[in-house]
Amino acid sequence: MAGCMTTQPGRPWDSAQAAEYWRQGAARRAQTLALATERLLDAASLQPGMRVLDVAAGTGDQTLLAARRIGSSGSILATDISASMLAAAEQGFREAGLTNVTTLVSDASALELPEAHFDAAICRFGLMFVPDLHQALSRIHRALKPGARFAALVWAPRERNPWMGMQIDVLTEIGRPPAPGMSVLQALSLADPDKLARAFSAAGFVDTHTSTVTTPRIYESVAEAVDGMRTTSPVQAELLRQLSDAERQHYLASLEAHLKTFADASGRVVIPGEALLTTGARA
Ligand SMILES: C[S@@+](CC[C@H](N)C(=O)[O-])C[C@H]1O[C@@H](n2cnc3c(N)ncnc32)[C@H](O)[C@@H]1O
């Protein structure tokens, strides 16, 4: 965990360890987020030959899927605040033989991009963490060609996402509720269905609307679910770091008890989830 110790509160994505956690979760995300990601790419109207902006691209899961849609005649700029996440993404792009994806390390609210340059933009589960949302949306809007669409996925409210809700509940139960600014809370910060659409409009987007999409998590056992949480989530690592050894044991035992309530008779765990998909176009 040495790499993690250097991360700032609310910035659990910066370290190489965080990128490694996130990379390890790629197969799980591919399953949980398959439908949501297809909808995201549909909503941005990705077509062969397009020039696409991917904001808060992380280790590039959705970038790879977008690259398939735009083909070799298109190109993608994958941006993220974390150099470690983008380094892992670049490795994935190389392994996939992609030569038309470039990367840029940048806070989304400080993106310096040419005006009216991109045919589409996407952001999968990144906007909730951006401190100056209006700046980020305004800069994305400016970088799009007239008529080009931006599509973004964010998490729906806590009650629709027990995976995150139970982490907050258990921390509260053991007397260590997450401090304001911690990523588990930030992850839900755009859960009001109107909030992001309003922010899109304020940044100049037109034809803005929001829909919901399911994101179920399926595990073969409670142990697999706990292990998945511990080994694939920088957000979870941030939570665990603030606890003493005794508190951590207590937390994980309580989490296991919560997860058991989602297990069927065979022990298989299905945790429902829901995302909001907001889209808009540059006028
Ligand atoms: C939940 S991950 C999503 C990554 C990827 N889009 C995916 O769906 O797999 C959130 C990402 O947002 C990035 N991020 C956090 N704050 C950011 C900011 N202010 N500007 C740009 N990216 C940011 C993190 O580094 C991380 O890669």
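Each position in the sequence shown, counted from 1, maps to that position plus 6 in the working numbering.
Where a beta carbon is used, it is the ideal one built from N, C-alpha and C, also for glycine.
- Item | Top-ranked residue by Cα proximity to A263, from A231, Q68, S21 | A231
>> Alpha carbons only, please: which of R182, A252, S115, A63 is nearest the one belonging to F131?
In response: A63
Specify, as a first and last residue, the run of the beta strand (DSSP E) that P152 falls within. 150–161
| task | Determine the extent of the alpha helix (DSSP H) in which A63 is found, giving its start and end residues. | result | Run containing A63: none; DSSP gives neither H nor E here.
request  = Taking A149 as the reference, give the member of N167, L83, P184, G181 with the closest Cα.
outcome  = L83
inquiry  = I need the straight-line Cα distance from R182 to L249, nearest angstrom please.
reply    = 8 Å
Query - First and last residue of the uninterrupted alpha helix (DSSP H) at V190 - result: 189–192
Checklist entry - So, helix, strand or coil for E44, using DSSP? => result helix
Margin query: Using DSSP's beta-bridge definition, name the partner residues of I224.
Written below: V276
Kindly list the residues whose CB is nearer than 7 Å to the CB of S51, restricted to its own chain and excluding five residues on each side of it in sequence; keep chain order.
A126, R155
Contacts around E226, its chain only, beta-carbon distance under 7 Å, and the 5 residues preceding and following it disregarded
R274
Original post:
Bridge partners of R34, per DSSP?
Top reply: None; R34 has no bridge partner.
field: Neighbourhood of G55 by C-beta, 6 Å cutoff - its chain only, sequence neighbours within 5 removed
entry: S79, G80
- Query: Alpha carbon to alpha carbon, how far is D213 from E179?
  - Reply: 43 Å
Note down the Cα distance separating T12 from A22, rounded to an integer number of angstroms. Because the pLDDT at T12 is just 38, under 50, the model does not fix this residue reliably, and the value given afterwards should be weighed accordingly. Those two C-alpha atoms are separated by around 10 Å.
Any contact of the region 158–169 with the region 196–212, i.e. 3+ C-beta pairs under 8 Å? yes
Assuming the contact rule is C-beta atoms closer than 8 Å, L245 and Q173 should be a hit. Round their C-beta distance to whole Å, please. 6 Å
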